[in-house]
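Scroll down for the structure; my scribbles are underneath it.
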Amino acid sequence: MGGISKVARELRHKNVTTVQGWCDRDTLPPRRQREVLDLATRLGKDVDPLELIPAPAEAE
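Mapped onto the working numbering, the consecutive letters of the sequence shown carry residue numbers 119 to 178.
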């Protein structure tokens, strides 16, 4: 969606590290999923909501 800095700016996060943490952990907090989907829509990006939900951990 244009990079970490752009996403942080568009979501009005004061710290880019918040969004960077989501990327580093490869997860998005559930409370942020709607705003990220809304941002994707505003930017004309096709994002499947299921992409935002982490897959269940595989049994070892």
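Note that CB positions come from ideal geometry on N, CA and C, so glycine has one too.
Query raised in the report: Nearest-angstrom Cα distance between Arg160 and Gly120?
Result: Going from the Cα of Arg160 to the Cα of Gly120 covers about 12 Å.
**Report entry** Within 8 Å, strictly: CB atoms of Thr145 and Pro172
**Finding:** yes
Query raised in the report: Under a three-way DSSP split, which group does Val165 fall into?
Result: coil
Requested in this report: Within its chain, find whatever has a CB closer than 6 Å to the CB of Val125; leave out the 5 residues flanking it on each side and keep chain order.
Outcome: Result list for Val125: Met119, Val137, in chain order.
Query raised in the report: Is the CB-CB distance between Glu153 and Leu170 below 8 Å?
Result: no
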